[in-house]
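*Asks:*
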Amino acid sequence: PEKPVGLVYIGIASAAATRHMECRFGHRQDRDWIRLMSCNTALDILRRALLGST
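If you count by this note's numbering, then the sequence shown holds residues 872 to 925, one letter each, in order.
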């Protein structure tokens, strides 16, 4: 089976922990928009990890 359009897996790892997230940005079929949302979400996860948030 093919991966649905807009399905993105994002992960972050450190010495203390590993986090991952499944995101679905497929309600728009625009590749650039999906890429933008993926990057924004990944950077937000990193920001929260650096700040110690969950």
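Cβ coordinates follow ideal geometry from the N, Cα and C atoms, glycine included.
May I ask which residues mark the beginning and end of the beta strand (DSSP E) holding Arg-895?
*Replies:* Sequence index remark: in the sequence shown, residue 895 carries index 24 (1-based). Per DSSP, Arg-895 belongs to the beta strand (DSSP E) from 889 to 895.
*Asks:* Starting from the C-beta of Thr-878, find all residues in its chain whose C-beta is less than 6 Å away, skip the five residues before and the five after it, and write them out in chain order.
*Replies:* The sequence position of residue 878 within the sequence shown is 7, counting from 1. Residue identity check: residue 878 is Leu in the sequence provided, not Thr. The residues are Arg-895.
*Asks:* Cα separation between Ile-916 and Arg-899?
*Replies:* Taking the first residue of the sequence shown as position 1, residue 916 is located at position 45. Taking the first residue of the sequence shown as position 1, residue 899 is located at position 28. Cα-Cα distance, rounded: 22 Å.
*Asks:* With DSSP run on the structure shown, which of helix, strand or coil describes Ala-920?
*Replies:* One-based indexing of the sequence shown puts residue 920 at position 49. Ala-920 falls in the helix class under three-state DSSP.
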